[in-house]
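In UniProt numbering, the protein residues as written are 1 to 204.
These notes concern the structure reproduced below.
What follows is the structure in structure tokens.
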């Protein structure tokens, strides 16, 4: 079982400043021709690259979260992706980033051993919105999971493989931000996740 939130380290938060979202109301990336406009960090601990039509995140340290951001942002809208654990322990997790702005972001993640969680980073610390919880919709092991989040009105709704997992109220004063993908490690590091069919859209 997963014991609490082990998000001790993070990589990527300083890459947010000075980024602007494009004008279109819809954004899609299948990574067949790279990842134009994405922020893809290269660090000894974390690498993001495009290979064989997938965006691949590789993370070394334990108890660490890292991410790559798309060029798309919204305040009201939806984002979804397909993700697969390629290498690493079953405790590794992966998912979506929302509301990414200077010093703040939302993270929705599932683990290869069948848990999901929702967390907010702000003012230098992580806050739990939904602690790690098992869900039968998660496909465990090195299989593909489809994740989706919709933000509209006063709620955020989260789906796993087409099944609504939960919904939570939005924090007051949220102004929106960029969306992207993330990878995380628990007690054991060295994980690799592949992402494909990233799709985001603003509410009309």
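For each residue, glycine too, the CB sits at the ideal point set by N, CA and C.
Whole-Å CB distance - residue 83 paired with residue 193, under 8 angstroms assumed: Yes, they are in contact, since the Cβ atoms of residue 83 and residue 193 sit about 6 angstroms apart, within 8 angstroms.
Cut-off 7 angstroms between Cβ atoms - residues of its own chain near residue 113, not counting five sequence neighbours on either side: 90, 91, 140
Heavy atom of the ligand SAM within 7 angstroms of residue 200 beta-carbon: Absent from the structure shown: the ligand SAM. Ligands present: none.
Supposed contact pair residue 107 and residue 201 - C-beta distance, whole angstroms, cut 8 angstroms: In this structure residue 201 is not in contact with residue 107, their Cβ atoms being roughly 20 angstroms apart against a cut-off of 8 angstroms.
Residues of its chain near residue 196, where Cβ-Cβ distance is below 6 angstroms and the 5 sequence neighbours each way are ignored: 54, 82
Inter-residue Cα distance where the pair is residue 51 and residue 191: 16 angstroms
Stretch pair the region 133–148 + the region 56–63: three plus CB contacts closer than 8 angstroms: No, because fewer than three Cβ pairs between the region 133–148 and the region 56–63 fall closer than 8 angstroms, the two stretches do not touch.
Contacting residues, own chain, Cβ-Cβ under 7 angstroms from residue 188 (five flanking each side not counted): 62, 89, 91
Residue environment, residue 17, which counts as buried when at least 16 other CB atoms sit within 10 Å: Any reading at residue 17 must be qualified, since the residue scores a pLDDT of 34, below 50, and its modelled position is unreliable; no value is offered.
Among 164, 98, 87, 171, the one whose alpha carbon lies nearest that of residue 146: 164
Three-way DSSP call (helix, strand, coil) for residue 63 in this model: coil
Beta bridge counterpart(s) of residue 77 as assigned by DSSP: DSSP, once it has assigned bridges, lists 151, 202 as partnering residue 77.
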